[in-house]
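Read the structure below first, then the notes.
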Amino acid sequence: MQINDPEGIDRILSETKTIAVVGLSSDAARASNGVSRYMQSHGYRIIPVNPNEISVLGEKAYAQLEDVPEKIDLVDIFRRSEEAGRHVDEAIRLGARAVWLQEGVIDEEAARRALDAGLDVVMDLCILKEHLMRKQ
-2 MQINDPEGID
8 RILSETKTIA
18 VVGLSSDAAR
28 ASNGVSRYMQ
38 SHGYRIIPVN
48 PNEISVLGEK
58 AYAQLEDVPE
68 KIDLVDIFRR
78 SEEAGRHVDE
88 AIRLGARAVW
98 LQEGVIDEEA
108 ARRALDAGLD
118 VVMDLCILKE
128 HLMRKQ
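Note that our numbering has the sequence shown beginning at -2, numbered continuously upward.
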């Protein structure tokens, strides 16, 4: 397995049902909101993870990943690179199947930890753009 493996991306997009979006904002102008709205409109369940939100896109927000009471397939991270590693570690502990570090979010060491734990890992790519490319 490797970071940004095309087969891994295909697997994530086809098998994922529940996406916990770390850093999801209720501000419609933020990328996290637009990307999550798009994914939600394509049948994915979006779970907002942001201690500053109560609900986003009609879904209850949770302060941290550990607070989410259901199984998470994918942890999608919209945080600064220096914050990403702790969320990757949470995803590993919670048994998520994959982590996706959005465009501009880069943490090679955290990505390696996730790979070593058996997760599919995508880094520095946009899930919306990847989904669009595969729909064509």
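Heads up, the beta-carbon is just placed ideally off N, CA and C, and yes, glycines get one too.
In the region 58 to 129, which residue ranges form an unbroken alpha helix (DSSP H) of at least 4 residues, counting only runs that do not cross its ends? Listed in chain order, the complete alpha helix (DSSP H) runs (minimum 4 residues) inside the region 58 to 129 are 78 to 91 and 105 to 113.
One question on the structure: do ARG109 and ILE89 come within less than 8 Å of each other, judged by their Cβ atoms? On the sequence shown, residue 109 is found 112 positions in, with the first residue counted as 1. On the sequence shown, residue 89 is found 92 positions in, with the first residue counted as 1. One thing to note: ARG109 has its Cβ no nearer than 8 Å to the Cβ of ILE89.
Where PRO3 sits in the DSSP three-state scheme: Indexing the sequence shown from 1 puts residue 3 at position 6. Collapsing the DSSP output to three states places PRO3 in a helix.
Kindly list the residues whose CB is nearer than 6 Å to the CB of VAL118, restricted to its own chain and excluding five residues on each side of it in sequence; keep chain order. As a position in the sequence shown, residue 118 is number 121, starting the count at 1. So the list reads ILE0, VAL96, ALA108, ALA111 and LEU112, once near-sequence residues are dropped.
May I ask you to report which of helix, strand or coil DSSP gives SER22? Here residue 22 refers to the residue found at position 25 when the sequence shown is read from its first residue. Coil at SER22, not helix or strand.
Own chain partners of VAL46 with C-beta closer than 6 Å, once the 5 adjacent residues on each side are dropped: Taking the first residue of the sequence shown as 1, we reach residue 46 at position 49. So the qualifying residues of the chain are ALA17, VAL19, TYR59 and LEU62.
Under the assumption that ASP104 contacts VAL85 (Cβ atoms under 8 Å), give the Cβ distance between them as a whole number of angstroms. For this step, residue 104 is matched to residue 107 along the sequence shown. For this step, residue 85 is matched to residue 88 along the sequence shown. Between VAL85 and ASP104 the Cβ distance is about 7 Å, and since that is below 8 Å, they are a contact.
Looking at the structure shown, is GLU50 part of a helix, part of a strand, or coil, going by DSSP? Position 53 of the sequence shown, counting from 1, holds the residue named residue 50. The answer is coil: DSSP assigns GLU50 none of H, G, I, E or B.
Could you name the residues of the same chain whose beta carbon sits closer than 6 Å to that of VAL72, not counting the 5 residues immediately before and after it, in chain order? Against the sequence shown, residue 72 aligns to sequence position 75. Cβ neighbours of VAL72 beyond the five flanking positions: ALA17, ALA88, ALA93 and VAL96.
Distance check for LEU129 and PRO66, CA to CA, integer angstroms please. Counting from 1 along the sequence shown, the entry for residue 66 is found at position 69. Counting from 1 along the sequence shown, the entry for residue 129 is found at position 132. Just so you know, the alpha carbons of PRO66 and LEU129 end up roughly 30 Å apart.
Same chain, Cβ closer than 6 Å to GLY101, five either side skipped, listed in chain order: Counting from 1 along the sequence shown, the entry for residue 101 is found at position 104. Non-local C-beta neighbours of GLY101 in its own chain, meaning closer than 6 Å and more than five positions away in sequence, are absent.
Which same chain residues end up closer than 8 Å to ASN30 when comparing Cβ atoms and leaving out the 5 residues on each side of it in sequence? Along the sequence shown, read from residue 1 onward, the residue named residue 30 stands at position 33. For ASN30, where only same-chain residues beyond five positions count, the Cβ hits under 8 Å are LEU21, SER22, SER23, ASP24, VAL53 and LEU54.
Determine the burial state of ARG76: buried for a count of at least 16 other Cβ atoms within 10 Å of its Cβ, exposed for fewer. Counting from one through the sequence shown, the residue named residue 76 turns up at place 79. Result: buried.
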